[in-house]
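Asker: Residue numbers (this note's numbering): 397 to 956.
Quick one: this structure, given as structure tokens, is what I'll be asking you about.
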RNA sequence: UGGGGCGUAGCCAAGUGGUAAGGCAACGGGUUUUGAUCCCGUCAUGCGCAGGUUCGAUCCCUGCCGCCCCAACCA
């Protein structure tokens, strides 16, 4: 296997400080095989920040011929749920990764963890403490002052063992006692000031039920789980760097079967959104969004429902560097990756979002014809389709201006434009309602321009999309914008004040070309000139806008 | 003020003693039956700041400055 690893190591082109370490370790023959893990806590849905970790861990495993485990860090039954366990697996799969047989749970190791706790006690390196939470906090000192020893710090082994066993037996209520490591109350690193290892929690665990009433915390579970699974490189985010000395201390002081190492990298921060579990949970719990898979959320499920291809997410992550400097990536970067892939993959269709009726006065009443439209002008292999054309059509309201500026290339009184894949039409008259609002356009078409070209060689500046009124299918279309107005929403609960009230606009009466009635859920298409849209997974009558097209007209318009 | 980490363009970053890659954004221009796509071009005499070493410093040394994380019986 080592040869295979070496080969793989040489083939890998991408590089960052973690891959460099892996490469060196493999070259030095420090491991039998490469094993990483993605360790989510099942207390919420995965978001695009997790995608960075998933791509890193599974990616490195693939590149170096190793494997990556999916391990749930389910040590806090107070906030973990089976539903999250299932959603997380679905999201990792959707992203394109496969853990094979290697699905694990920290809770699978509870008995072993317990035994290791007893061994620490027997070695005089852990003790049961009775201090209430607030007192323990006071004893811990502050960031600039050393802590003080708990009065229970020097209980003898026998008493500690007895107390710890009685904790497990359920003799004490929640919060009555904890098991602590005996390290150094004066350490500059707060994590080493006799950290709590076990707490009493009479809560039902999604997997172990009521079998346990004491649970190990993150520090006492994570490194040991890594060791049990023979993880070689345990990759986590920067905020755990301070935990590394504890990770190492624990592994050095108990009898573990392997010796994994922890490395930290910067987590992903994205502009105009929220990427902390706390914030996402709050948005969902307070119904500020419509569930964990709301298309406005940066959750994997939200992105999927929005119509974002998994490949675009992976591409985005691959353009990010794995470093230790934390910054904030612009949403525009993600959007670029989405457009880049959708531009290639999304079939083109026509849909009118804000309809304005057009009557072609010289087109015979009651008649219609089928016109050929390309499914992708840049890729003939995607074929073509037929769309019905008739006397009454809908065009986009924004494609008509009563008093257009010089640079406006669309419809206006007396102006001629091309209806995509159809005919040139000229606007003769705009009909208004009692409020003076334009409600209908009377136009004439040039039968000679069928397909969109004039035999006399005359040109038109604008091409607009349309849909035959009698044949179109109605739909609700939802337009999404950034969830937050600021690039970086304010800290604390203030972040809610930055919510973008226009993050979702619902257009209830859009008209789609008839073929769109059969579009499959999850399939993303381009509505020409409007953007990328996908049928909503929860409501068939709804189309979600994944993203608009780049719009240089909006820039021109904005400048004048 | 203790400990840990980080500072290269608007954003993400490569480079680590020999004269600043790339991507995103932005801005010009060309093609175009999507004001899309595509193509071409512009965009750091400068690498947080100040000294020092050196023929030569983003890179080495010293001192500052700034930002992030840590005082849950969360992860």
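Cβ atoms here follow ideal geometry from the backbone N, Cα and C, with glycine treated the same way.
List, from N- to C-terminal side, the beta strand (DSSP E) runs of 3 residues or more that fit wholly inside the segment 695-757.
Answerer: Counting only runs of 3 or more, we get 751-756.
Asker: Pull up the DSSP beta-bridge partners for residue 940, would you.
Answerer: Answer is 874 and 930, bridged to residue 940.
Asker: What is the residue span of the alpha helix (DSSP H) that residue 506 lies within?
Answerer: Its alpha helix (DSSP H) spans residues 506-518.
Asker: Look at residue 618 and residue 502 and say whether their C-beta atoms are less than 9 Å apart.
Answerer: Taking 9 Å as the Cβ cut-off, residue 618 and residue 502 qualify as a contacting pair.
Asker: Please work out which residues of its chain come closer than 8 Å, Cβ to Cβ, to residue 735, disregarding the five sequence neighbours upstream and downstream, and give them in chain order.
Answerer: Correct list, in chain order: 928, 943, 945 and 946.
Asker: Could you give the uninterrupted runs of the alpha helix (DSSP H) lying entirely in the segment 440-526, keeping only those of 4 residues or more?
Answerer: Within the segment 440-526, the complete alpha helix (DSSP H) runs of at least 4 residues are 444-459, 478-490 and 506-518.
Asker: In three-state terms, what does DSSP make of residue 945?
Answerer: The answer is coil: DSSP assigns residue 945 none of H, G, I, E or B.
Asker: Suppose contacts are defined by Cβ-Cβ distances below 9 Å. Is residue 893 in contact with residue 878 by that definition?
Answerer: Not in contact: residue 893 and residue 878 (Cβ atoms no closer than 9 Å).
Asker: Output needed for residue 772: all residues of its chain with C-beta closer than 7 Å, excluding positions within five of it in sequence on either side, in chain order.
Answerer: Cβ within range, chain order: 743, 744 and 778.
Asker: To the nearest angstrom, how far is the alpha carbon of residue 521 from that of residue 564?
Answerer: The alpha-carbon atoms of residue 521 and residue 564 are separated by roughly 19 Å.
Asker: Measure the C-alpha to C-alpha separation of residue 796 and residue 816 and round it to an integer number of angstroms.
Answerer: The straight-line gap from Cα to Cα measures roughly 15 Å.
Asker: So residue 939 and residue 931 are in contact, right, with Cβ under 8 Å, and what is the actual spacing, rounded?
Answerer: Rounded, the Cβ-Cβ distance is 6 Å, consistent with contact.
Asker: Between which two residues does the alpha helix (DSSP H) containing residue 559 stretch?
Answerer: Its alpha helix (DSSP H) spans residues 553-565.
Asker: Are the CB atoms of residue 754 and residue 632 nearer to each other than 9 Å?
Answerer: In this structure, residue 632 does not lie closer than 9 Å to residue 754 by Cβ.
Asker: Going by the DSSP bridge assignment, what does residue 838 pair with across the sheet?
Answerer: 755 and 825.
Asker: Would you mind working out which of 716, 583, 747 and 748 sits nearest residue 733, comparing C-alpha positions?
Answerer: Answer by Cα proximity: 716.
Asker: Could you spell out where the beta strand (DSSP E) holding residue 977 opens and where it closes?
Answerer: In the structure displayed, the chain extends from 397 to 956; residue 977 sits before or after that span and is not available.
Asker: Which residues in the same chain as residue 696 place their Cβ atom closer than 6 Å to its Cβ, once the five residues preceding and following it in sequence are excluded?
Answerer: 442 and 487.
Asker: Only counting the same chain, and skipping five residues up and downstream in sequence, which positions put a Cβ closer than 8 Å to that of residue 352?
Answerer: In the structure as shown, the chain starts at 397 and stops at 956, and residue 352 therefore has no counterpart that could be examined.
Asker: Which residues in the same chain have their Cβ closer than 7 Å to the Cβ of residue 675, if we skip the five residues on either side of it in sequence?
Answerer: Taken in chain order, the residues that qualify are 891.
Asker: Using the beta-carbon count (16 or more within 10 Å), is residue 729 buried or exposed?
Answerer: Counting Cβ neighbours within 10 Å, residue 729 comes out exposed, since fewer than 16 surround it.
Asker: When burial is assigned at 16 or more other CB atoms within 10 Å of the CB, is residue 692 buried or exposed?
Answerer: Classification of residue 692: buried, given that the 10 Å Cβ count is 16 or more.
Asker: Ordered along the chain, which non-local residues of its own chain (more than five positions away) have a Cβ less than 8 Å from that of residue 860?
Answerer: Answer for residue 860: 791, 792, 795, 806, 807, 813, 814, 815, 816 and 925, listed in chain order.
Asker: Mind pulling the beta strand (DSSP E) runs of 3 or more residues that sit fully within the segment 652-680?
Answerer: Counting whole runs of 3 or more residues, the segment 652-680 contains the beta strand (DSSP E) stretches 657-661.
Asker: Do you know offhand how far residue 901's Cα is from residue 664's?
Answerer: Cα-Cα distance, rounded: 28 Å.
Asker: In whole angstroms, what separates the C-alpha of residue 606 from that of residue 412?
Answerer: Approximately 44 Å between the Cα atoms of the pair.
Asker: Rounded C-beta distance between residue 866 and residue 786? I'm assuming under 8 Å.
Answerer: So it is a contact: roughly 6 Å between Cβ atoms.
Asker: Helix or strand or just coil, what does DSSP make of residue 864?
Answerer: DSSP places residue 864 in strand when its eight states are reduced to three.
Asker: Return the chain-ordered list of same chain residues with a C-beta closer than 8 Å to the C-beta of residue 553, the five sequence neighbours on each side being excluded.
Answerer: Around residue 553: 517, 518 and 520.
Asker: Give me the DSSP bridge partner(s) of residue 576.
Answerer: Partner(s): 523 and 592.
Asker: Taking Cβ to Cβ, would you say residue 903 is nearer than 9 Å to residue 836?
Answerer: No. Outside cutoff.
Asker: What residue from 763, 494, 560 and 783 has the CA that sits closest to residue 464's CA?
Answerer: Checking every option, the nearest Cα to that of residue 464 belongs to 494.
Asker: Three or more beta-carbon pairs under 8 Å between the segment 572-580 and the segment 597-606, yes or no?
Answerer: Cβ pair count under 8 Å is below three, so no.
Asker: Which residues share a DSSP beta bridge with residue 618?
Answerer: None; residue 618 has no bridge partner.
Asker: Let me check understanding here. Comparing Cα to Cα, which of 639, 823, 558 and 609 lies closest to residue 590?
Answerer: Here the closest residue by C-alpha is 639.
Asker: Is residue 812 helix, strand or coil when you go by DSSP?
Answerer: Note: residue 812 maps to strand in three-state DSSP.
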